[in-house]
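Novice:
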Amino acid sequence: MSPSPKKRQIAAIKGTHDILPRQARKWQRVEEIANSLFELYGYREIRTPIFEATELFQKGTGETSDIVMKEMYTFVDKGGRSLTLRPEYTPSIARAIIEHQLHLQPDPLRFYFIGPMFRYDKPQKGRYRQFHQMDVEVFNEKDPAVDAEIVEMAARLLERVKVKGAEVLVNSVGCRACRPDYHLALRQNAEKHRKEFCADCQRKIDTNPLRIFDCKVAACREIALGLPKIIDYLCEECQVHFDQFRSYLDLYELSYKVEPFLVRGLDYYTKTTFEFVSTELGAQDAILGGGRYDDMMKDFGGPDICGIGFALGMERLLQLVPDEDSPEKFVYIAWMGDAAKKEAVLIARFLRLQGVECFIEYKSRGLGNQMGRANKFGAPWGVIIGEDEVKKQSYQLKNMVTGEQKEVTREKLLTAVRND
Ligand code: AMP
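Note that our numbering gives residue 65 to position 46 of the sequence shown, counting from 1, and the numbers run on in steps of one.
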């Protein structure tokens, strides 16, 4: 007999990953902390679709950004439209504001969101094709005080989730008034090194020389260090903005470093840019990054309102958040016989209505087996229901830690497991 053909296992797609229940607990904890912190600063959640018209990102993220040039998950749907799985969140929010005219409503233009993003990049530790970001954006606030407030909020978030040792990097990338002069100086200087740059950077000299600073190739980084710095070319408005931004950071007593080559990977940034990095993350060291984008809305054909925001990588953050013991709290209800099974269902309903977590397994098993499973699952309490208990309407309550067991009424059972 020929051996049966081996079944091929379907695995998760390269660059994607499952978040299993034990890890999901940590995600939930961090998300809850983040949501409540953002609300504290006046932000409200906004949820937009996972896919959008490809044009949105071409226009919003920028034609010359790595994301648009190389990393988008773009497909044509059955109606012949070009769609893209969102690679970042800011353009989606900008679209939603314009579409729903949110800027004309009385609510503050402060938004947050946590969810998956998609980029076709080379997967490695800390870099995935489906990853998750926390995204925070404020619109229509020109004042540098808001730039500092958002950085301060990010610092508070890391503090609340007990991440230590992150470094705050800040810079200014100027605006449309000061960038042309800078671009010229940068291009002329980079041109002198054309042959030493990688092919990608050679292209960037012609398309968008600022992107040279995003290159990870060691030789290019070395040359980049000697190139002109945007910070030396700021117009008066950008310089004043940057100085005031820094003075507010000082007011918050936040320590930071000015990093003149921090230009961020996206085309739309103006003035302030910032990043939080950690040496504990390895090569992909950025926990979060953001900046101001004062022209994006206008360029979209929307209202002339400025914006500032940041995106934080959840996978990278979670790597730095210490694990916390989260012992199970549920009551394991064991039953023997059909009448007891029904009683168990009613007891579970009673406890759940009172907000007590409980767990029944419906497969018929012996008592020892059920208690063994309760132990294995880490349940602190076991309830045993047999024929006698059904008749008496009282139940055996077992403390799974001490092994102590006593007979209790339904009400006593509730008090005991609640006081735990
Ligand atoms: P960006 O939207 O590129 O400014 O990225 C903001 C943050 O998202 C980064 O600081 C990372 O923490 C995270 N991030 C970006 N790309 C990826 C990726 N491919 N995989 C995992 N995290 C990412």
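Here a beta-carbon is modelled for each residue, glycine too, at the ideal position from N, C-alpha and C. Bear in mind the structure is a predicted one, so any value in this text is a computation, not a measurement.
Going by the beta-carbon positions, is the gap between Ile52 and Val180 smaller than 8 Å?
Specialist: If you number the sequence shown from 1, residue 52 lands on position 33. If you number the sequence shown from 1, residue 180 lands on position 161. Cβ distance < 8 Å, so Ile52 and Val180 count as in contact.
Novice: Just the C-alpha distance for Arg66 and Phe132, rounded to the nearest angstrom, thanks.
Specialist: Position 47 of the sequence shown, counted from the start, is the residue given in the question as residue 66. Position 113 of the sequence shown, counted from the start, is the residue given in the question as residue 132. Between Arg66 and Phe132, the C-alpha separation is close to 7 Å.
Novice: Please tell me whether Cys254 and Cys217 are closer than 8 Å, where the distance is taken between their beta carbons.
Specialist: Position 235 of the sequence shown, counted from the start, is the residue given in the question as residue 254. Position 198 of the sequence shown, counted from the start, is the residue given in the question as residue 217. For Cys254 and Cys217, no; Cβs fall outside 8 Å.
Novice: Exposed or buried, what is Phe94 when buried is set at 16 or more other beta-carbons lying within 10 Å of its beta-carbon?
Specialist: In the sequence shown, residue 94 corresponds to position 75, counting from 1. Exposed is the call here.
Novice: According to the Cβ coordinates, are Gly310 and Ile327 closer than 8 Å?
Specialist: By one-based count along the sequence shown, residue 310 stands at place 291. By one-based count along the sequence shown, residue 327 stands at place 308. Closer than 8 Å, so yes.
Novice: Can you give me the C-alpha to C-alpha distance between Val282 and Phe150, rounded to a whole angstrom?
Specialist: The residue you call residue 282 lines up with position 263 of the sequence shown. The residue you call residue 150 lines up with position 131 of the sequence shown. Those two C-alpha atoms are separated by around 22 Å.
Novice: How should Gln120 be labelled, buried or exposed, when 16 other C-beta atoms within 10 angstroms of its C-beta is the threshold for buried?
Specialist: Against the sequence shown, residue 120 aligns to sequence position 101. Answer is exposed; the Cβ neighbour count stays below 16.
Novice: Is the closest heavy atom of the ligand AMP to the C-beta of Ala167 under 7 Å?
Specialist: Locating residue 167 in the sequence shown gives position 148, counting from the first residue. The answer is no for Ala167.
Novice: To which residues does DSSP link Phe137 through a beta bridge?
Specialist: Translated into the one-based positions of the sequence shown, residue 137 becomes position 118. Note: Phe137 sits in a beta bridge opposite Gln149.
Novice: Distance, Cα to Cα, Arg146 vs Leu331?
Specialist: For the purposes of this step, residue 146 is identified with residue 127 of the sequence shown, where counting begins at 1. For the purposes of this step, residue 331 is identified with residue 312 of the sequence shown, where counting begins at 1. Distance between the alpha carbons of Arg146 and Leu331: 13 Å.
Novice: Quick one: residues in its chain with C-beta nearer than 8 Å to the C-beta of Arg100, no 5 flanking neighbours on either side, listed in chain order?
Specialist: Start at 1 with the first residue of the sequence shown, and residue 100 comes out as number 81. Ala72.
Novice: Give a yes or no on whether the C-beta atoms belonging to Val165 and Val157 are separated by under 8 Å.
Specialist: The residue you call residue 165 lines up with position 146 of the sequence shown. The residue you call residue 157 lines up with position 138 of the sequence shown. Yes, Cβ-Cβ distance for Val165 and Val157 is below 8 Å.
Novice: Confirm, please, whether the CB-CB distance from Ser191 to Phe295 is below 8 Å.
Specialist: For this step, residue 295 is matched to residue 276 along the sequence shown. For this step, residue 191 is matched to residue 172 along the sequence shown. Cβ distance not < 8 Å, so Phe295 and Ser191 don't count as in contact.
Novice: With 16 other CB atoms within 10 Å as the buried threshold, where does Asp352 fall?
Specialist: Within the sequence shown, numbered from 1, the residue matching residue 352 stands at position 333. The sequence given here has Ile at residue 352, not Asp. Buried: at least 16 other Cβ atoms inside 10 Å.
Novice: What would DSSP say about Arg66, mapped onto helix, strand or coil?
Specialist: The residue you call residue 66 lines up with position 47 of the sequence shown. The answer is coil: DSSP assigns Arg66 none of H, G, I, E or B.
Novice: Do you know whose CA, among Arg198, Ala196, Cys239, lies nearest Lys214's CA?
Specialist: For this step, residue 214 is matched to residue 195 along the sequence shown. Among Arg198, Ala196, Cys239, the Cα nearest to that of Lys214 belongs to Cys239.
Novice: Does the distance from the C-beta atom of Thr80 to that of Glu118 stay below 8 Å?
Specialist: Within the sequence shown, the letter at position 61 stands for residue 80. Within the sequence shown, the letter at position 99 stands for residue 118. No.
Novice: What does a CB cutoff of less than 8 Å around Pro142 pick up in its chain, not counting 5 residues either side in sequence?
Specialist: Your numbering for residue 142 matches position 123 in the sequence shown. Same-chain partners within the cutoff: Lys33, Gly34, Arg148.
Novice: Using only the alpha-carbon positions, how far apart do Gln47 and Arg41 sit?
Specialist: What you label residue 47 is simply residue 28 of the sequence shown in a count that begins at 1. What you label residue 41 is simply residue 22 of the sequence shown in a count that begins at 1. Each residue's alpha carbon lies about 10 Å from the other.
Novice: Would you mind working out which of Arg63, Ile38, Ala115, Ser55 sits nearest Leu75, comparing C-alpha positions?
Specialist: Translated into positions along the sequence shown, residue 75 becomes position 56. Leu75 has its Cα closest to that of Ala115, out of Arg63, Ile38, Ala115, Ser55.
Novice: Are the beta-carbon atoms of Val427 and Ser413 separated by less than 8 Å?
Specialist: Your numbering for residue 427 matches position 408 in the sequence shown. Your numbering for residue 413 matches position 394 in the sequence shown. Yes, Cβ-Cβ distance for Val427 and Ser413 is below 8 Å.
Novice: If I follow the unbroken alpha helix (DSSP H) through Phe57, where does it start and stop?
Specialist: As a first step, residue 57 is located in the sequence shown; it is residue number 38 there, counting from the start. 40 to 59 is the extent of the alpha helix (DSSP H) around Phe57.
Novice: Going by CA-CA distance only, name the one from Phe130, Leu59, Lys144 that's closest to Ala302.
Specialist: On the sequence shown, position 283 is the one that residue 302 refers to. Comparing Cα-Cα distances from Ala302 to each of Phe130, Leu59, Lys144, the minimum goes to Lys144.
Novice: Can you list, in chain order, the residues of its chain with a C-beta nearer than 6 Å to that of Thr226? Leave out the 5 residues immediately preceding and following it.
Specialist: On the sequence shown, position 207 is the one that residue 226 refers to. Around Thr226: Thr83.
Novice: Whose C-alpha, out of Lys360, Tyr312, Ile231, Tyr60, is nearest the C-alpha of Ala174?
Specialist: Numbered from its first residue, the sequence shown carries residue 174 at position 155. For the residues Lys360, Tyr312, Ile231, Tyr60, the minimum Cα distance to Ala174 belongs to Tyr60.
Novice: Going by the C-beta, is Phe150 closer than 7 Å to any heavy atom of the ligand AMP?
Specialist: For the purposes of this step, residue 150 is taken as the residue at position 131 of the sequence shown. Because some heavy atom of the ligand AMP lies under 7 Å away, the Cβ of Phe150 counts as near it: yes.
Novice: In or out: Lys290 buried (at least 16 other Cβ within 10 Å) or exposed?
Specialist: Here residue 290 refers to the residue found at position 271 of the sequence shown. It counts as buried.
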